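Single-structure report; data block below.
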Amino acid sequence: MEEPVMGVIAIYAMSEDDFSTNGLGLLTPSSCTVEWEANGMYELKFEQPIDKTGRWGLIANGCIVKAPVPVRPSPENEVYGQGTVTRSVYRVSAKRAKMYTAKSGRRNKVIARLAKGEELVQLEAGSSGKLRFSRVKGGQCGYVDMGSLEYARAEVIPSGSDGVRRATAREQLFRIYKVEKDTKEGIVSASAMHISYDLRGVVVEGEYELEDATPATAMAGMIAKLNEDTPFVFHYGHLDDDALIEGDYGFKTPVECMLDPDEGFAKQANAWVVRDNFDIFMIPDDTRDNGVTIRRGKNLIGVTATSDAGSVVTRIIPEGKNKDGDPLYLENPNYVESAHVGDYPIVYTQRVKYNVQTAKKKKDADDEERFRTDAETRAKMRELAQKDFEDGADMPEYTLEVDFVTLEDAGAEADEYAALQAVHPYDTVTVYDSLIDLEARVAVTKYEYDVLAGRYDKVTLGDLFQLQSTVYSYNIAGGISGGKIAPGTTDGQIFRTGSIPYDRIASAALSRLGADAVGAVTTHLAGAAASDALVTEIAGIAADQITNANIVRLLPGVSATTLRDAIIEIVDARIQAQS
Numbered sequence: 002m003e004e005p006v007m008g009v010i011a012i013y014a015m016s017e018d019d020f021s022t023n024g025l026g027l028l029t030p031s032s033c034t035v036e037w038e039a040n041g042m043y044e045l046k047f048e049q050p051i052d053k054t055g056r057w058g059l060i061a062n063g064c065i066v067k068a069p070v071p072v073r074p075s076p077e078n079e080v081y082g083q084g085t086v087t088r089s090v091y092r093v094s095a096k097r098a099k100m101y102t103a104k105s106g107r108r109n110k111v112i113a114r115l116a117k118g119e120e121l122v123q124l125e126a127g128s129s130g131k132l133r134f135s136r137v138k139g140g141q142c143g144y145v146d147m148g149s150l151e152y153a154r155a156e157v158i159p160s161g162s163d164g165v166r167r168a169t170a171r172e173q174l175f176r177i178y179k180v181e182k183d184t185k186e187g188i189v190s191a192s193a194m195h196i197s198y199d200l201r202g203v204v205v206e207g208e209y210e211l212e213d214a215t216p217a218t219a220m221a222g223m224i225a226k227l228n229e230d231t232p233f234v235f236h237y238g239h240l241d242d243d244a245l246i247e248g249d250y251g252f253k254t255p256v257e258c259m260l261d262p263d264e265g266f267a268k269q270a271n272a273w274v275v276r277d278n279f280d281i282f283m284i285p286d287d288t289r290d291n292g293v294t295i296r297r298g299k300n301l302i303g304v305t306a307t308s309d310a311g312s313v314v315t316r317i318i319p320e321g322k323n324k325d326g327d328p329l330y331l332e333n334p335n336y337v338e339s340a341h342v343g344d345y346p347i348v349y350t351q352r353v354k355y356n357v358q359t360a361k362k363k364k365d366a367d368d369e370e371r372f373r374t375d376a377e378t379r380a381k382m383r384e385l386a387q388k389d390f391e392d393g394a395d396m397p398e399y400t401l402e403v404d405f406v407t408l409e410d411a412g413a414e415a416d417e418y419a420a421l422q423a424v425h426p427y428d429t430v431t432v433y434d435s436l437i438d439l440e441a442r443v444a445v446t447k448y449e450y451d452v453l454a455g456r457y458d459k460v461t462l463g464d465l466f467q468l469q470s471t472v473y474s475y476n477i478a479g480g481i482s483g484g485k486i487a488p489g490t491t492d493g494q495i496f497r498t499g500s501i502p503y504d505r506i507a508s509a510a511l512s513r514l515g516a517d518a519v520g521a522v523t524t525h526l527a528g529a530a531a532s533d534a535l536v537t538e539i540a541g542i543a544a545d546q547i548t549n550a551n552i553v554r555l556l557p558g559v560s561a562t563t564l565r566d567a568i569i570e571i572v573d574a575r576i577q578a579q580s
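Just so we're on the same page, the working numbering is the position in the sequence shown counted from 1, plus 1.
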């Protein structure tokens, strides 16, 4: 299976190493859902009928299932820093090629089968053997033998981009941990954890206590001290060294070390953990904005905005270290104050430790965290405290409860447009609500996904990156700029009856268009023999019934693409009129 197929779920033996085949066979579940949460739960649940096919008998604890679920392109594809990067694109020339988790070794897995003609981007220098590649469509990464490829072209990728054609869903592996057989209902119910939770089977061997360690140091030490080899590859090269990790991680699993909500590396490093089968990425919680918007008059149903000033800090007492490793503080005064300190009834003070120190020797001062004198160290401490305020430490935490229509990717006819509109974990979307003068940029931090239907049941928006408003109390005065991170969550229920796949109709469900829009569609399609009655009938079709076949039946001679473009133009015009 070169491409994920909606609703196709394969099951494998518990010790399987080759996931490029259908394994033990294909299941035919009556329901299958995935729940994902940022730096938290990642679980699949399904129900398989007990019928004459006997497929239910394949389901057992420890077995692995493969299902297409929403996954962002691998962070390995992203270009960091300034300027552009030129990468080589190769094409599969062999009849079949395989993608592996590693170059070699007994823990190596076959993670995908590649079709002839599929394009891959080279991520690792070299011209022979197995090298690191990324699939152009979807962004899955792994090792591919150069002997099965041919050079296609060079591609320039700008900073902040990844050069990947996005796909709504990619195949992920889950290991079954719970099976329930109900003979009365004739159903086998199973629960499975993402394959990354296999890391619960290994621990950090011996004592491992950290104090003021950089995230990269913490991760490297954890990996080096694991009591067993694993097939997992950890990626953490772009974390912020200004963050400090402290805690006792001896005899803990990598899952606990990274994801503990209080002392986990991700929590302390303000990082996100991306789990992509056997690749584990810990990346900065930077914005990843692909231009997807939720707007009143387009796809927004309603917003509830809540502000919480309980964790606001308006005065930071920075702490670094002198050359002897003792605490170093600012002098006269020993704090840095927010420009918004006067916006609150009292001053909110907090000590913050920063990873900066005066070097013992001048030659050591080349390290970006070490400085020649205490004065230089203190200057850096002031700079870091000011950056914390710029990032929103002095602003309330916000949560948004957003009800909106999502338009899912369901086919290839308008694949390019669908890719631009797909929403993935950690993506930042912009919410506009003219009714309360709200503009907010919010990250996807949780979802529930129907694997069989290929669409979200529910999306949660949290991690508020930027919010602008003029209707709140003193807490935000005239508005906010910057990057306040909201630890709360916001539920955005996706109503199936009001949604249409992204690649069918681009901007809004037809059933939500007003009579004026229906008339405008008719006018726009002048000469296509589209009567008011026919266009009105289209607008009344339920979202789950709108198909290309229906459109062709109702509007002979009008392509789905033409109709889609007409509706996009009309809806965008209405949005502009409301702005």
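No residue lacks a Cβ here, since even glycine has one placed at the ideal position from N, Cα and C.
Because the structure is a prediction, the values reported are computed rather than measured.
Around the C-beta of K110, 16 or more other C-beta atoms lie within 10 Å, and the residue is accordingly described as buried.
For Y349 and V314, the gap between their C-alpha atoms comes out near 5 angstroms. For D183, the enclosing beta strand (DSSP E) has its first and last residue at 171 to 183. If you draw a straight line from the Cα of D290 to the Cα of A441, it comes to about 12 angstroms.
Per the coordinates, the alpha-carbon of R107 lies some 9 angstroms from the alpha-carbon of P232.
DSSP, reduced to helix, strand and coil, places P159 within a strand of the structure shown. Residue state for T34 is assigned as strand, using DSSP reduced to three classes. Less than 7 angstroms separates the beta-carbon of L200 from that of T254.
T102 and F279 do touch by the CB rule: their CB atoms are close to 5 angstroms apart, below 8 angstroms. Assignment of P255 by DSSP, reduced to helix, strand and coil, places it in the helix class.
Closest by C-alpha distance to I10, out of Q141, A191, A116, V145, is A191.
Under the 10 Å beta carbon count, A126 is surrounded by fewer than 16 other beta carbons and is classified as exposed. Note on V72: 16 or more other CB atoms within 10 angstroms of its CB, so buried under the neighbour-count rule. As summarised for the stretch 199 to 241, the continuous beta strand (DSSP E) elements at least 3 residues long and confined to that stretch are 210 to 214, 234 to 236, given in chain order. For F266, the enclosing alpha helix (DSSP H) covers residues 266 to 269. Distance from the CA atom of E206 to the CA atom of N228, rounded to whole angstroms, is 5 angstroms.
Taking the C-beta atoms as reference points, K131 is found nearer than 7 angstroms to K104.
Ranking K268, D434, R166, M382 by CA distance to the CA of R296 puts D434 first. Assigned with DSSP and collapsed to three states, T461 falls in strand.
Non-local beta-carbon contacts of G321 in its own chain, meaning distances under 7 angstroms to residues more than five positions away in sequence, involve L329, Y355, V357, Q358, T378, M382 in chain order. For I177, same chain residues with a beta-carbon under 8 angstroms away, outside a window of 5 residues either side, are I60, A61, N62, G63, C64, I65, V66, A191, S192, A193 in chain order. Pairing T87 with P69, the inter-Cα distance amounts to about 30 angstroms.
For M382, the enclosing alpha helix (DSSP H) covers residues 375 to 391. In the displayed model, D344 falls within a helix according to three-state DSSP. In the structure shown, E77 adopts helical secondary structure according to DSSP, grouped into three states. When the beta-carbon positions are compared, A95 and S21 stay at least 7 angstroms from each other.
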